[in-house]
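Below is one structure; the comments refer to it alone.
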Amino acid sequence: MFKKILVANRGEIACRVFRTAKKMGIATVAVYSDADARSPHVLMADEAVRLGPAPAADSYLKAELILLAAKETGADCIHPGYGFLSERESFARACAEAGIAFVGPPPNAIAAMGDKIESKKLAKAAGVNVVPGYLGEIADTDEAVRIAAEIGFPVMMKASAGGGGKGMRLAWSEQDVRDGFEATKREGLASFGDDRVFIEKFIESPRHIEIQLLGDQHSNIVYLNERECSIQRRHQKVVEEAPSPFVTPQMRRAMGEQAVALARAVGYYSAGTVELIVSGADTTGESFYFLEMNTRLQVEHPVTEEITGLDLVEQMIRVAAGERLSFGQDDVRLDGWSIENRVYAEDPYRGFLPSIGRLVRYAPPSPSPSGEGLGWGLSANAGLGETSPTPNPSPEGEGLARIRVDDGVAEGGEVSMFYDPMIAKLVTWAPTREAAIDAQVAALDAFTIEGPGTNLHFLSALMQHPRFRAGEITTGFIAEEYPDGFHGAPATPALKTTLAAVGAVAAHAQVTRARLVDGQLGHVLTAPADWVARVDGHDHQVTIRDGHVTVDGTPLDATIGYTPGARIAQVDGDDPLTVAIAKGRDGFTLTARGASHKVRVLPAHVAPYAAHLIEKVPPDLSKFLIAPMPGLLVRLDVAAGDRVEAGQALAVVEAMKMENILRAEKSGTVASVQAQAGDSLAVDQVILELE
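With our numbering as the guide, the letters of the sequence shown map in order to residues 5 to 695.
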C-alpha cells in the first residue's frame with residue numbers, strides 16, 4: 005500500500021480524499037494556490053506545497069508543478085480529484101514516467117473517453133446505444149446549420165472535450181444554431197483548450213441517468229447501480245439521487261451490462277461513470293443512449309456510497325495499488341435511498357447569477373446526537389469526527405435518516421471568482437425516497453450561510469415540489485417549472501400561521517427581557533399578551549399567555565424555542581420546523597422551507613396605527629444596464645445613440661468561464677456607455693444608460 009498521497013486538487017474533493025487516506029494510514033500532501041493558502045484542505049493535510057497565483061491555469065492546472073511537488077515531498081501516489089479535464093491523459097503518463105502511481109484509469113482509457121466524438125464511435129462499436137447525430141468535425145456555422153437540419157430539430161451542440169455543463173447549447177431552430185455555435189466553440193476553447201463541436205439529436209422529455217463503474221487491474225469490473233441527475237440548470241447538475249425513481253431492475257441490468265462492455269473495450273480500471281440520456285416518454289425503459297464516460301470520480305459519488313456502503317475513494321486507492329476487488333457483481337447492494345443537493349454560491353432571485361464573497365457565517369446542519377447508526381459527516385467546518393444520524397423527519401417515522409455534508413470551506417473563508425461556485429454537498433440517506441427528501445428539507449432549513457448569495461432556498465423549493473416528489477422529472481424540469489425565474493418557495497397557510505406565532509413569540513421574548521433591565525424610568529413594564537403579526541400582507545391575531553400560544557383563535561399545537569439574540573427558532577410538534585430569524589425595525593425576517601418572509605410584529609393596541617405609515621418605493625433602475633455579477637465584459641453590441649428594443653442583446657459578460665447575455669429590459673436609446681469590452685466589472689456596476 006502507498007505511504008504518501010498527494011491530491012492534485014482543492015476544496016471539498018481534496019478534503020474528501022484526505023479523510024479516507026488518513027483512515028487507511030496514508031500520509032497526505034496538499035497543493036494550493038495563493039487564494040487557498042489558509043483553506044481547510046491545506047490545514048487538513050500533513051504537508052502542503054504552494055503552486056502559484058490564484059488562477060487555476062497558473063496553479064492547479066500546471067501538471068509540471070504538481071509533479072514537482074510530489075517529488076519534493078516524496079509522495080508515491082497522486083489522486084487527481086475531479087480536475088484535469090483536458091490534461092488527465094498526459095498527466096497520467098507523466099506520473100508513470102516519474103514512477104508515481106496515478107489514482108485513476110490508464111492513459112489510453114482516458115484518451116479514448118476524453119474525446120466525446122471518438123468515445124461515441126467506440127461506444128457504438130462496443131454495442132452501446134448511442135444518440136443519433138453527426139460525430140465528425142464541423143468547420144463553421146453554415147455547416148452546423150446544414151447538419152442540424154439534416155438531423156432534425158431540436159439538436160444539442162456540444163464541445164468535444166466538454167464537461168460540467170460547459171460548452172453546450174440547445175438549438176430549436178436554425179437561428180439558435182447561428183446564435184450559439186460560435187459561443188459553444190469559444191466556451192470549449194476557454195474551458196478545455198479545444199474548440200471542436202459536435203451535434204446530436206436532443207431527446208425530448210430526457211432524463212439524465214448514469215452508471216457508476218468500478219474495475220481493478222485484473223479485468224474485474226462491476227457496476228454500482230445508477231444515479232439520476234436530471235435536475236439540472238444550464239446543463240449543470242443540481243440534485244442527484246440513487247437509485248433512480250424511473251429505472252426498473254431490468255433497465256438497471258441492461259444499462260449496467262452495456263456500461264461494463266464499454267469499460268472492457270477500452271481496458272478500463274478504477275472508478276468511472278457512464279452517463280446516459282433516457283427518454284422519459286418511453287415507459288418500456290429501452291430508450292437509453294450513451295452520452296459520455298467520465299474517467300474520474302464524480303461530484304455526485306456520495307449517493308452511490310450511501311446506498312452501497314462502499315468508500316469509492318478507498319476502492320480507487322486500492323485498485324491503484326494493484327489490489328483486486330474484494331467483491332463481485334452479485335455482492336453489490338442497494339440499500340435505501342440517497343439524495344445530494346449541491347449548495348452553490350449563486351443568487352436564484354437574480355437569475356442564478358454567480359455570487360462571490362466572504363463566508364461571514366457558515367454553519368452546516370448537525371445531525372441529532374441521539375440515535376444509533378453509521379451516519380457520517382464530512383464537513384470541514386465540523387472537524388474530523390463522525391456524526392450520528394438524526395431521527396427521520398418524515399411523518400411515517402420510518403427508521404433513521406443520515407445527514408452528510410461534504411465541503412472544503414470554513415467560516416471566514418472566501419468564495420473566489422477563480423474557482424467553481426460550489427460551497428458544499430448536502431447528502432441525506434433514508435430507507436425510502438420520501439424520507440430522504442424530507443430529511444433534505446429539514447437539513448436545508450438548518451443550513452446557515454451568510455455572505456455570498458446561495459441557492460439554499462431554491463434547493464428547498466425543489467425538494468418540496470410535488471412533481472419532484474412524484475419522481476416525474478426531466479432535464480428540463482427547472483426551465484419548465486420556473487419559466488419566470490425563482491421567487492421563493494410558496495408557503496402553505498399552515499406555515500404562515502406558524503411563522504406568525506414564531507414572530508410574536510420572538511417579540512414577546514425580547515420585550516420580556518427588556519423589562520428586566522435595571523434603572524428604567526417610570527413603572528415596571530409588562531409584556532403585552534396580544535400581538536398582531538403580518539405575514540405576506542395578512543394579519544394574524546396572536547395571544548401569548550402562561551406559555552401557551554393562540555393564533556387566530558386556534559391554540560398552536562407545538563412549542564417554540566427562542567432565546568433573544570439567537571439566529572434560530574425551533575418549532576417542535578407534529579411538523580418540526582427550524583426557522584432562521586433576523587431582527588428588523590418592526591419585526592423579523594423569518595426564513596424556512598425555501599423562502600424568507602418579512603413578519604411585522606406589533607402589540608395589538610399599536611397595530612391599527614401602522615396603516616398610516618408611508619411605504620418607501622424603490623427607485624426605477626430599468627434604464628440602466630447593470631452588471632449582475634463580477635466578470636469580464638467580453639462584448640458590447642451597442643454604442644451611444646443606438647436605438648434598442650426590449651429583450652435585445654446588449655452585452656456579454658463572462659463569469660466563471662460561462663458567457664451570460666445581458667438584454668434590455670425596455671426599449672429606448674443608448675444615452676451613454678460607461679464600460680468597454682475587456683473591462684473587469686464589479687457587481688452592480690453600470691455598463692450603459694438608456695434614455
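Ideal placement from N, C-alpha and C gives every residue a C-beta, glycine not left out.
Can you pull the DSSP bridge partners for residue i?
i, result
"Gln216", "Thr277"
"Val603", "Val539 and Phe592"
"Gly672", "Val648"
"Glu245", "Glu232 and Ile343"
"Lys26", "Answer is none; Lys26 lacks a bridge partner."
"Ile155", "According to DSSP, Ile155 bridges with nothing at all."
"Lys8", "Ala31"
"Ala653", "Arg667"
"Ser37", "Gly56"
Should residue i and residue j be called a contact, given that it needs their Cβ atoms to be closer than 8 Å?
i, j, result
"Leu338", "Ile311", "yes"
"Leu629", "Ala681", "no"
"Arg182", "Val282", "no"
"Gln216", "Thr308", "yes"
"Ile30", "His83", "no"
"Gly192", "Ala163", "yes"
"Glu304", "Arg231", "yes"
"Gly455", "Ala18", "no"
"Glu344", "Thr277", "no"
"Thr673", "Gly651", "no"
"Leu126", "Val270", "yes"
"Lys429", "Pro306", "yes"
"His469", "Glu484", "no"
"Gln262", "Gly85", "no"
"Gly457", "Glu350", "yes"
Excluding the 5 residues flanking residue i on each side, which residues of the same chain have their C-beta closer than 6 Å to its C-beta?
i, result
"Met426", "Arg346 and Tyr348"
"Met160", "Leu174, Glu204 and Phe206"
"Asp534", "Thr547 and Ala608"
"Gly565", "Gln574"
"Gly387", "Confidence at Gly387 is low in this model, with a pLDDT of 32, below 50, so its placement is unreliable and the value that follows should be read with caution. Answer for Gly387: no residue qualifies."
"Asn224", "Leu329"
"Ser274", "Gly108, Pro109, Met320 and Val323"
"Gly284", "Ser209, Arg211 and Thr478"
"Gly260", "Ile215 and Tyr227"
"Phe481", "Ile235"
My assumption, with CB atoms under 8 Å, is that residue i sits in contact with residue j. Please give the rounded CB distance.
i, j, result
"Leu316", "Leu301", "6 Å"
"Val539", "Lys500", "5 Å"
"Thr92", "Ile114", "Going by the sequence as given, residue 92 is Arg instead of Thr. Indeed, because the Cβ distance is near 5 Å, the residues count as touching under 8 Å."
"Arg20", "Tyr423", "Not quite, the Cβ-Cβ distance comes to about 16 Å (not below 8 Å), so this is no contact."
"Ala531", "His512", "6 Å"
"Ala729", "Thr582", "One cannot answer for residue 729 here, as it falls past the ends of the chain, which runs 5 to 695."
"Ala152", "Gly118", "Not really, about 25 Å apart at Cβ, beyond 8 Å."
Near residue i, what residues of its chain come up, given a Cβ to Cβ distance below 8 Å and the 5 sequence neighbours on each side ignored?
i, result
"Ala686", "Ala631 and Pro634"
"Phe22", "Val11, Thr32, Ala34, His45, Met48 and Ala49"
"Ile155", "Pro136, Gly137, Tyr138, Ile203, Glu204 and Lys205"
"Leu654", "Leu629, Leu640, Asp641, Val642, Val648, Leu666, Arg667, Ala668, Ile691 and Leu692"
"Gln254", "Gly289"
"Ser420", "Ala39, Ala58 and Ile360"
"His542", "Lys500"
"Ser37", "Arg14, Arg54, Leu55, Gly56, Pro57, Ala58, Pro59, Ala60, Asp62, Ser63, Tyr64 and Phe422"
Applying the 10 Å Cβ sphere with the 16-neighbour rule, what's the burial state of residue i?
i, result
"Asp556", "exposed"
"Val364", "exposed"
"Met662", "buried"
"Thr502", "buried"
"Leu625", "exposed"
"Leu266", "buried"
"Lys670", "exposed"
"Met5", "exposed"
"Ala675", "exposed"
"Trp718", "Any answer about residue 718 is impossible in this case: the structure gives the chain only from 5 up to 695."
"Ala242", "Reading off the sequence shown, one finds Val at residue 242, where the question assumed Ala. Buried is the call here."
"Pro623", "exposed"
"Asp488", "exposed"
"Asp410", "buried"
"Thr496", "exposed"
"Thr188", "buried"
Kindly list the residues whose CB is nearer than 7 Å to the CB of residue i, restricted to its own chain and excluding five residues on each side of it in sequence; keep chain order.
i, result
"Asp335", "none"
"Gly507", "Ala537, Gly591, Phe592, Leu594, Val603 and Val605"
"Ala518", "none"
"Ala505", "Val546, Val553, Val555, Leu560 and Ile564"
"Ala61", "none"
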